[in-house]
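Peer 1: Sending over a structure as structure tokens; questions will come in a sec.
In the numbering used here, the protein residues as written are 8 to 770.
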């Protein structure tokens, strides 16, 4: 049976690796705009007087916008509806958002009006039902109500008239709904020679064309088509045709989010993440080989397949790889190491007790399975919350963390198992057990087992220290507050590279003199060589953003925009509420899962411990004034997964240990279980810290702060698992001990075989 299981595992490993390799060779990854460079615009449809902004009308608006985008000539644009009334437009390679907003961002519907008069005075009296506008030349005109809207236009094209070399005109065709309106408009305009027999084509209260009607058209009474002539260049004719054809939006749209990332910044981010991943994997591999020797070397080979399997899953699912998504892949490396460390530590214990290497390794994989499954499920819960509740590139972190978690489990539990079990069956290895790295438990474990400290004797002290740290963190929130990013407050962030050395004070003065005195101007990490300058403001227009860039160019030399993020205040409030909701749901989900897997006392202890870790990270960011943005939300949910991950491993050992030691005091049993898992905790923590440290050094501002939050969370999470979670579990269990008569799930750790009485320790 065992040999058959090994064969199936080996075949599964080969099949998955081969499929991943084939996908990697044949299918390129779809890069997010934060890596590829370009502009993303999120539009929200609004109710009009006649049409409600629902999924149907939003889909129709999307198709109109698709025609506008196609006319821009952008390579491989992406348009998709998000939710009931939002449209996400991605434009690779578009660095100037004005280029897109001029066509895509037109918010009103197209309207054809009669020009009623051309007033001589600058500010004439406007009768009710009329509008005062400016024609293409800037001259004032009075127009009547809409006679025909964009829904009546079936097509518009820029063409050269027959025999007209170098000339351009726009041919417009009306559908069955629009032709009667056009005839009515022509008849009315022809009857008004005092205004020049003109019509005005208006979009968003802006006249895009106001042609005069030729006598031939007046004589024919209109028709189902017309031609607009003038001194057009090809570009002008093309733009006019696009606006007329694409103006038939069934509902108005509003830009609520806009992100622009320079291709250079995206390339630097990819390079930094790849370097961090290579350095992290290399350092982790060296470390695990030193600790576990041959088994560590084989686990490192399996870890190498993790990257291949993750990439294969990514392209197979057609997911988009974002900058936070790269961080998700790097983070999942630590999860793969965690599984291997759990297995090898259990195998060491089994070999010390039984002396059979092959059986000990197999038992290690089998006994570690429960803890590995529990810890990875909690990570997947956090990742799924990010996918459903996060926005923009951070959503990609949830996807890649999920993919990475699944790939890490497969590489650790299938690929590594096949390699390791194959190795220990070789006579050369079997006769040299010391080569495996599993024959000895190690000096640290020996010390902890024989003369380790009684940590649970002072459970109350650890809980008190946790409360003190929580109070300091809450003090940071109350006194300093959080430096919320534009994702949560609304506003605009611009990041520029510059050719000349310029101080922040000089840049701040130049931008203030340009009319933006409230701008927050700071240094931000650039492409690894020079620091960029970031400018954070309230919501400003694209034209004002250009004014900021021009002002910075006066002191910074050649200035190039690397990043541009615009978030509307309504969306910012929505994202802030979603972040709070994500945390509440994450805590509740972890609580329910742990209560199901353990007892409610253990679940409460784990959640309180995890919450203290999250509060510590948030408090540090409050006191230090570091930016709290969408990537920070990804870090916090990752901290939740990692903190609970660590606690589950310890609680799983406590549960197993109490079942084998019914007649002993709970504190002694828990203390032994903690001491037995400390080597695993240290080895796993160091492996993950190598990766996060590399990401912190190389990842720039955004990923650097992400890695810092995880490093703090990981460090405090380890301490909290050992001291806070275990201490709380002991105190809660002593206060509300389990009654075996009411359920078979847990054992009664307090029963004394000799007397049958209960003895609860003191806090």
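All C-beta atoms in this analysis are idealised placements derived from N, C-alpha and C, irrespective of residue type, glycine included.
Does the segment 367-375 touch the segment 327-334, meaning 3 or more C-beta pairs lie closer than 8 Å?
Peer 2: No: fewer than three Cβ pairs fall under 8 Å.
Peer 1: Quick test of the definition: if touching needs 3 or more C-beta pairs under 8 Å, does the segment 714-727 touch the segment 307-327?
Peer 2: In short, these stretches do not touch, since the Cβ pair count stays below three.
Peer 1: How many angstroms separate the CA atom of residue 616 from the CA atom of residue 728?
Peer 2: Approximately 7 Å, taken between the alpha carbons.
Peer 1: Across which residues does DSSP place residue 124 in a beta bridge pair?
Peer 2: Answer is 149.
Peer 1: Who are the near neighbours of residue 651 in its chain, counting only those whose CB is closer than 7 Å to its CB and skipping five residues on each side?
Peer 2: Excluding residues within five positions, the ones whose Cβ falls inside 7 Å are 385, 597, 613, 617.
Peer 1: Any chance the segment 292-306 sits against the segment 605-612, with 3 or more Cβ pairs inside 8 Å?
Peer 2: No, they do not touch.
Peer 1: Given a threshold of 16 other Cβ atoms within 10 Å of its Cβ, counted over all protein chains shown, does residue 536 qualify as buried or as exposed?
Peer 2: Interpretation of residue 536 is limited by its pLDDT of 44, a score under 50 that renders its predicted location unreliable; the figure taken from the coordinates is listed afterwards. Exposed, since its Cβ has fewer than 16 Cβ neighbours within 10 Å.
Peer 1: Please list the segments of the alpha helix (DSSP H) lying wholly inside the segment 204-280, counting only runs of 4 or more residues, in order along the chain.
Peer 2: With a minimum length of 4 residues, the continuous alpha helix (DSSP H) runs that stay inside the segment 204-280 are 222-227, 241-252.
Peer 1: Beta carbon of residue 291, beta carbon of residue 364: below 9 Å?
Peer 2: No, these two residues do not count as a Cβ contact at 9 Å.
Peer 1: Return the CA-CA distance between residue 361 and residue 446, expressed in angstroms with no decimal places.
Peer 2: Distance between the alpha carbons of residue 361 and residue 446 is about 11 Å.
Peer 1: In chain order, which alpha helix (DSSP H) runs of at least 4 residues are fully inside the segment 280-368?
Peer 2: For the segment 280-368, whole alpha helix (DSSP H) runs of length 4 or above, ordered along the chain, are 330-361.
Peer 1: Out of 134, 117, 118, state which residue places its alpha-carbon closest to the alpha-carbon of residue 124.
Peer 2: When only C-alpha atoms are compared, the closest one is 134.
Peer 1: Quick one: measure Cβ to Cβ for residue 640 and residue 695, integer angstroms, because I've assumed they're closer than 8 Å.
Peer 2: Actually they are not in contact, since the Cβ atoms of residue 640 and residue 695 sit about 20 Å apart, beyond 8 Å.
Peer 1: Nearest CA to the CA of residue 500: which residue from 475, 526, 509, 350?
Peer 2: Considering only alpha carbons, the answer is 526.
Peer 1: When burial is assigned at 16 or more other CB atoms within 10 Å of the CB, is residue 625 buried or exposed?
Peer 2: Looking at its Cβ environment, which holds 16 or more other Cβ atoms inside 10 Å, residue 625 is buried.
Peer 1: Are any of the Cβ atoms in chain C nearer than 9 Å to that of residue 328?
Peer 2: The question asks about chain C, but that chain is absent: this structure has only one protein chain.
Peer 1: Indicate whether residue 7 and residue 494 have their beta-carbon atoms separated by less than 9 Å.
Peer 2: Because the chain in this structure spans residues 8 to 770, residue 7 falls outside the shown range and cannot be described.
Peer 1: Starting from residue 411, follow its DSSP beta bridges and name the residues at the other end.
Peer 2: DSSP lists no partner for residue 411.
Peer 1: Entirely within the segment 496-531 and at least 3 residues each: give me those beta strand (DSSP E) ranges in chain order.
Peer 2: Counting whole runs of 3 or more residues, the segment 496-531 contains the beta strand (DSSP E) stretches 498-505.
Peer 1: Once you ignore the five residues that flank residue 699 on each side, which residues in its own chain have a CB closer than 6 Å to its CB?
Peer 2: Cβ neighbours of residue 699 beyond the five flanking positions: 714, 717, 718.
Peer 1: With a Cβ-Cβ cutoff of 9 Å, do residue 207 and residue 121 count as a contact?
Peer 2: Yes, these two residues count as a Cβ contact at 9 Å.
Peer 1: According to DSSP, is residue 381 helix, strand or coil?
Peer 2: In this structure, residue 381 counts as helix in the three-state DSSP scheme.
Peer 1: Between residue 27 and the rest of its own chain, which residues show a CB-CB distance below 6 Å, the 5 nearest in sequence each way excluded?
Peer 2: Within the same chain, residue 27 has close Cβ partners 315, 316, 319.
Peer 1: Specify the secondary structure class of residue 138 as computed by DSSP and reduced to three states.
Peer 2: In the structure shown, residue 138 sits in a strand (DSSP, three-state: E or B).
Peer 1: Is residue 54 helix, strand or coil by DSSP?
Peer 2: Residue 54 falls in the coil class under three-state DSSP.
Peer 1: Answer with buried or exposed for residue 132, where buried requires no fewer than 16 other C-beta atoms within 10 angstroms of its C-beta.
Peer 2: Exposed, since its Cβ has fewer than 16 Cβ neighbours within 10 Å.
Peer 1: DSSP three-state call for residue 105: helix, strand or coil?
Peer 2: Reduced to three states, the DSSP call for residue 105 is helix.
Peer 1: Among residues of its own chain, excluding the 5 on either side of residue 488, which ones have a beta-carbon nearer than 7 Å to its beta-carbon?
Peer 2: Excluding positions up to five away in sequence, the list reads 629.
Peer 1: If distances are taken between C-alpha atoms only, which option among 198, 435, 41 comes closest to residue 269?
Peer 2: Checking every option, the nearest Cα to that of residue 269 belongs to 41.
Peer 1: By the 10 Å Cβ neighbour count, where 16 or more other Cβ atoms means buried, how is residue 453 classified, buried or exposed?
Peer 2: Flag for residue 453 reads exposed.
Peer 1: How many whole angstroms separate the CB atoms of residue 509 and residue 257, which I take to be in contact at a CB cut-off of 8 Å?
Peer 2: That belief does not hold up - the Cβ atoms of residue 509 and residue 257 are roughly 48 Å apart, past 8 Å.
Peer 1: For a minimum of 4 consecutive residues, which ranges assigned as the alpha helix (DSSP H) are wholly contained in the segment 631-696?
Peer 2: Qualifying alpha helix (DSSP H) stretches, in chain order: 637-667.
Peer 1: Going by DSSP, which residues form a beta bridge with residue 155?
Peer 2: Partner(s): 119.
Peer 1: Between residue 562 and residue 506, is the Cβ-Cβ spacing less than 9 Å?
Peer 2: Against a cut-off of 9 Å, the Cβ pair of residue 506 and residue 562 comes out as no contact.
Peer 1: Is residue 357 near residue 686, with beta carbons less than 9 Å apart?
Peer 2: No, they are not a contact pair.
Peer 1: Given residue 20, which residues of its chain have a CB within under 6 Å of its CB, disregarding the five upstream and five downstream residues?
Peer 2: 421, 422, 425, listed in sequence order.
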